[in-house]
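Input: a single structure, listed below in structure tokens.
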Amino acid sequence: MSETLLETLPSTIIDLSVANSDIIETILLRLPGKEIIKCRKVCRKWNKITLSLSFWLSKEEYDGEKYIKSLINCGKPLFCENYAILSVKKPFERNILFDSNPNGKNEVKKHADPRWNFSSPGWVYSSPPSFLPDNFHPEFVDLFEGCLETTSSRCDKTCIINIKEIGLSPHLMDLYRPPIIFSEWISNQTDCRSIYWATIRLLNERHQVIAVKEKEQRFEFGELQKWIKVEAKIESYPSGIQYIFLSSVIVIDEFETNPCGARIAESEVIIKMEETSPSVNG
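Numbering (the UniProt record's numbering), first residue to last: 1 to 282.
Encoded structure:
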């Protein structure tokens, strides 16, 4: 670096430590949320500015978002006072699963949250869904452009979610026990009899199961095809939750030609901003 350049550098540096708080806030609002969190370490003044609810409401307004405002408008108290994490992670009242994975190695993984583990080879992605023609229920509605389908007699998929990674803490979960809802849309194929299970397991720090909720849906052989939303909801669970473990299982136990045709679409996990009573077991 030349001496001339070194001589000019001090005059080009702006000392923001003495800047008015309004000016600092205006600058910070233009940064991505994750970068704002890092900027808290600069000094106490910056940290204080970014701790307030009003700052994050302004940040969301600047970005054209309304997440925290929508939670406030529900008329319920905010469970989390870390408004930065609340705004950036958005852990409540929305689907915390992604519906795609651009880095997926095949079509199945490209159309699912990257945390899903497809433990059996019988999964395929089909767009449009490959229904058996002329076997639709009178209430059938064509809801999805594509879906996951099974091509073997048993197909499993599992997903594990670390609550800290989605912006929640074990203390918050122990304090409020917010309901956790796992749902998927399921459809059958008329020439197969199938059983579907949606299961939520809550795990502690040792990955031990502390609570389970399972929902079953059966389709009989010859039953006309339609989409059904299956929902498993768990609440008032014991303390100590660190992980949410999801599983979907489809078993085809009677079929005419091939053990295939069961379908899954729109997997969702929603953590409600509601309080439930503690489990009788703690």
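For each residue, glycine too, the CB sits at the ideal point set by N, CA and C. Remember, predicted model here, so these are calculated numbers, not experimental data.
- Between Ile-264 and Leu-148, the C-beta gap is smaller than 8 Å, which places the two residues in contact.
- Assigned with DSSP and collapsed to three states, Tyr-125 falls in strand.
- Note on Ser-194: 16 or more other CB atoms within 10 angstroms of its CB, so buried under the neighbour-count rule.
- Trp-116 and Ile-72 have their C-alpha atoms some 32 Å from each other.
- By the neighbour-count criterion, in which a residue is buried when 16 or more other Cβ atoms sit within 10 angstroms of its Cβ, Leu-86 is buried.
- For the region 30-104, there is no continuous beta strand (DSSP E) assignment of 3+ residues that stays within its boundaries.
- DSSP lists no bridge partner for Leu-224.
- Straight-line spacing of the CA atoms in Pro-91 and Ile-166 works out to 6 Å.
- Remark: fewer than three beta-carbon pairs, one from each stretch, lie closer than 8 Å, so the region 96-111 and the region 30-49 are not flagged as touching.
- The shortest CA-to-CA distance from Leu-224 to any of Leu-29, Lys-45, Asp-134 is the one to Asp-134.
- Around the C-beta of Tyr-62, fewer than 16 other C-beta atoms lie within 10 Å, and the residue is accordingly described as exposed.
- When secondary structure is reduced to three states using DSSP, Lys-272 falls in the coil class, being assigned neither helix nor strand.
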